[in-house]
Amino acid sequence: MSIIDVLYRILKVVIYLAIALTLLYISLLSFSPVIGAFALKWHYTLLPEVWTLDNFKFIFSDPFIIRSLESSVLVAFTTSLSSLVIYLLVILFMHYKEQRGWINTLFEIVVIIPLMIPAILLALSMYELYRPTAIGGTFLILVFAHITIVSPYVYRNLYSVSKIIDMKSLIEASRSLGAGLFTTLFKVILPNIYHGLLGAFLLSFAISFGDFEIANILAPWQYRTVTIAIFQYSFKNIWIASAIISIVIFVSVTATFSVAYISRKAIAKYTEVTR
Amino acid sequence: MLKLNVNKGFFIDLLLVSPFFLVFALFIVAPFSVSVYYSLTRGSSFTLENYIKIFTSESYRDAIRNSLLISLKSSALSLVLGTFIAYALTFLPPSVRDLIKSILLLPIIYPGLVIAFSLVLLFGSSGIVTNILRMNFNIDLPSVFNVRSYDGLILAYLSFLVGFVTITLSGVFLSFDKTLIEAGRSLGAGPLRVAFKIVFPIISPALIAAFIQVFIIALSAYGTALALIGGIGNLITLRIITVISDVAYDPHLAAALAMVIAMVSIPSSIIYGKLLKKVVGGVV
Chain Y
1 MSIIDVLYRI
11 LKVVIYLAIA
21 LTLLYISLLS
31 FSPVIGAFAL
41 KWHYTLLPEV
51 WTLDNFKFIF
61 SDPFIIRSLE
71 SSVLVAFTTS
81 LSSLVIYLLV
91 ILFMHYKEQR
101 GWINTLFEIV
111 VIIPLMIPAI
121 LLALSMYELY
131 RPTAIGGTFL
141 ILVFAHITIV
151 SPYVYRNLYS
161 VSKIIDMKSL
171 IEASRSLGAG
181 LFTTLFKVIL
191 PNIYHGLLGA
201 FLLSFAISFG
211 DFEIANILAP
221 WQYRTVTIAI
231 FQYSFKNIWI
241 ASAIISIVIF
251 VSVTATFSVA
261 YISRKAIAKY
271 TEVTR
Chain P
1001 MLKLNVNKGF
1011 FIDLLLVSPF
1021 FLVFALFIVA
1031 PFSVSVYYSL
1041 TRGSSFTLEN
1051 YIKIFTSESY
1061 RDAIRNSLLI
1071 SLKSSALSLV
1081 LGTFIAYALT
1091 FLPPSVRDLI
1101 KSILLLPIIY
1111 PGLVIAFSLV
1121 LLFGSSGIVT
1131 NILRMNFNID
1141 LPSVFNVRSY
1151 DGLILAYLSF
1161 LVGFVTITLS
1171 GVFLSFDKTL
1181 IEAGRSLGAG
1191 PLRVAFKIVF
1201 PIISPALIAA
1211 FIQVFIIALS
1221 AYGTALALIG
1231 GIGNLITLRI
1241 ITVISDVAYD
1251 PHLAAALAMV
1261 IAMVSIPSSI
1271 IYGKLLKKVV
1281 GGVV
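Chains Y and P, in that order, are what the protein sequence lines are.
All residue numbers for the first sequence refer to our numbering, where the first residue is 1 and numbers rise by one.
All residue numbers for the second sequence refer to our numbering, where the first residue is 1001 and numbers rise by one.
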């Protein structure tokens, strides 16, 4: 075995070690609050010394936390539903007519908006701009801010699905057979892209549900979200904070793993069809 | 008849894109313009006072320096790790690949403060791992590595930046022709030579795009920093939070500070967008 082969062997070991360590680190960070949620006492051992369900009993009886959960669900649901509608229309528009250069450039900007404009700047200026208006004190201000941060996820998901099913040909076929826009939409497009819609919905729900940076600045006092509750309880009682965190983790885990599952199913289905 | 068709088409176009344009104008363009306006005014007169205050004050300059340095370090580290992981993913079966990708996606979706919370829970001065090490191995972790510090923040950032890099690069590596590496290897090139002469030239647009992406994310995120080093750290984002939650609420100064971040993030994200077109595969 030459020295070069040994080098490659070492490189391979290093790479796999890096993966294993990173995954271990991420899983440790991600799931230790879930264990902590069931702890009454946890100081000197690998797993809690005293287990309990009281943390969950507490968070489901505390009016502030219940209220925060309700507002988070309300905001996340409204955000994902409205961003789905907005970007579904955009995707339809892109395939309905001949492609135009400037409009594509505009939609490419969508993908980089959250990167381009820091969330803190957006939240700050939206607070200043809309505080005196009608939406200032409602959950809608949070919804609109969240629509901008989930836009790349929704747009990407829908766009890639529209590419997989070849939406342009579908629309053309449906129109040439005499179907109008609404028939095309409800009878042809939606049944074919529901998995893309579902994936986009779940991802944007999870992102909006887990957002702290915008909510912390923008949320009106009666719509304090669950992440704000986590932040406040992390100073008071870490096990109760862990219990709230584990709800957020549950939402994120469900969303990411089902998105992966759905998209794999969808890709398998459509490659089979085209094959 | 023809005219009617045109009108109908125009109406449908309008119906399809007007919600998007409305949201775009009202909740991206308008707030951004407000920020620009606020940063350039004090009271109601135009002035550069806010920017002068930021760039002449030693403490604000320090905050900018810290923010840039932490973002640079954490993105460089995550770029190295993420590249390795993305490369190794190509050898794994698709189901395992999806599982690893989903795990890496988790910290991206979590609120940043959960990461900070877990780090303190595990490695903080009375964290579980710290306690176990102190009881059983007589190692005092906080004296070696304190999580409530800038280095701890970099460690926290790594957990979600790695995911961004891996997901951006995995598409590139999946479409990468591995026979090139085999060819280089069989001709006697070592790993470094293969990396620099064959792999990097091909993946460099994606590498740069990933770097820009994670750099901006590290620069503009504040949830993790607030929960981890809220009282002690001096970062631009933390200063903004202080300015807006203070008794002396000052939206003009806050806007100017946020514009400092935007001055970095806007040009670099435009470059990112251009590079992205050359990158094969999905980006989060």
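Idealized CB from N, CA, C, for every residue including glycine.
In the three-state DSSP reduction, Y:Leu140 falls in the helix class (H, G or I).
Excluding five sequence positions before and after P:Leu1104, the CB atoms of its chain that fall closer than 6 Å to its own CB belong to Gly1163, Thr1166, given in chain order. The C-beta separation of P:Pro1019 from Y:Ile86 comes to about 5 Å, placing the pair in contact by the 8 Å criterion. Distances from the CA of P:Phe1137 to each of Y:Arg9, Y:Phe212, Y:Ala266, Y:Tyr44 were compared; the closest alpha carbon is that of Y:Tyr44.
CA-CA distance, P:Gln1213 to P:Ala1195, rounds to 22 Å.
Under the Cβ distance rule, P:Val1247 does not count among the residues neighbouring chain Y, no pair being separated by less than 7 Å. Around the CB of Y:Phe139, 16 or more other CB atoms lie within 10 Å, so the residue is classed as buried. Linking P:Leu1253 to P:Glu1058 through their CA atoms gives a straight-line distance of about 15 Å.
Put simply, the CB of P:Val1144 is far from chain Y, with every gap to its CB atoms at 7 Å or more. Under the 8 Å Cβ criterion, the segment 234 to 246 of chain Y counts as touching the segment 50 to 57 of chain Y, having at least three qualifying pairs. Taking each of Y:Ser263, Y:Tyr16, Y:Ser32, Y:Gln222 in turn and checking the Cα distance to Y:Gly137, the smallest one comes out for Y:Gln222.
Within the segment 6 to 30 of chain Y, contact with chain P at the beta-carbon level (separation under 7 Å) is assigned to Leu7, Tyr8, Leu11, Ile15, Tyr16, Ala18, Ile19, Thr22, Leu23, Tyr25, Ile26, Ser27, Leu28, Leu29, Ser30. Note that the C-beta distance between P:Asn1234 and P:Asn1050 is not below 7 Å.
For the segment 1216 to 1229 of chain P, the set of residues with a beta-carbon nearer than 9 Å to any beta-carbon of chain Y comprises Ile1216, Ile1217, Leu1219, Ser1220, Ala1221, Tyr1222, Gly1223, Leu1226, Ala1227, in chain order. With 16 or more neighbouring CB atoms inside 10 Å of its own CB, P:Thr1224 falls in the buried class. For Y:Ala123, the uninterrupted alpha helix (DSSP H) segment begins and ends at 119 to 130.
Residue environment: P:Pro1267 is assigned as exposed (fewer than 16 neighbouring CB atoms within 10 Å of its CB, all protein chains considered).
Taken atom to atom, the span from the alpha-carbon of Y:Gly178 to that of Y:Lys187 is near 13 Å.
If you check each beta-carbon in the segment 251 to 266 of chain Y against every beta-carbon of chain P, the ones closer than 9 Å belong to Val251, Ser252, Val253, Ala255, Thr256, Phe257, Val259, Ala260, Tyr261, Ser263, Arg264. Between Y:Leu218 and Y:Ala119, the CB-CB gap reaches or exceeds 7 Å. Burial state of P:Leu1015 is exposed, judged by a 10 Å Cβ sphere holding fewer than 16 other Cβ atoms. Within the segment 199 to 214 of chain Y, the residues whose Cβ lies closer than 7 Å to any Cβ of chain P are, in chain order, Ala206, Ile207, Gly210, Asp211, Phe212, Glu213. Less than 7 Å separates the beta-carbon of P:Tyr1038 from that of P:Ala1255. For P:Ala1221, same chain residues with a beta-carbon under 6 Å away, outside a window of 5 residues either side, are Gly1112 in chain order.
Under the three-state reduction of DSSP output, P:Leu1016 falls in the helix class.
DSSP places Y:Leu177 outside both helix and strand once states are collapsed to three, so it counts as coil. Secondary structure of P:Arg1148 (DSSP, three-state): coil. Per DSSP, P:Leu1133 lies in no alpha helix (DSSP H) segment and is marked neither H nor E. Contacts between P:Phe1032 and chain Y, judged by CB atoms closer than 8 Å, involve Ile117, Leu121, Leu122, Ser125 in chain order. Y:Tyr44 reaches chain P at Asn1131, Ile1132, Met1135, counting residues in chain order whose Cβ is nearer than 7 Å. The beta-carbon distance between Y:Leu197 and P:Ala1030, rounded to whole angstroms, is 29 Å. This is too long to meet the 8 Å contact definition. Taking the beta carbon of P:Gly1188 as reference, the chain Y residues within 7 Å of it are Ile4, listed in sequence order.
At a cut-off of 7 Å between beta-carbon atoms, P:Leu1253 makes no contact with chain Y. When Y:Ser252, Y:Val251, Y:Ile230, Y:Glu49 are compared, the shortest CA-CA separation from Y:Ser242 is found for Y:Ile230.
Listed in chain order, the positions of the segment 1147 to 1163 of chain P with a beta carbon within less than 7 Å of a beta carbon of chain Y are Ser1159, Val1162. For the options Y:Met94, Y:Ser208, Y:Asn216, the alpha carbon positioned closest to that of Y:Lys163 is the one of Y:Met94.
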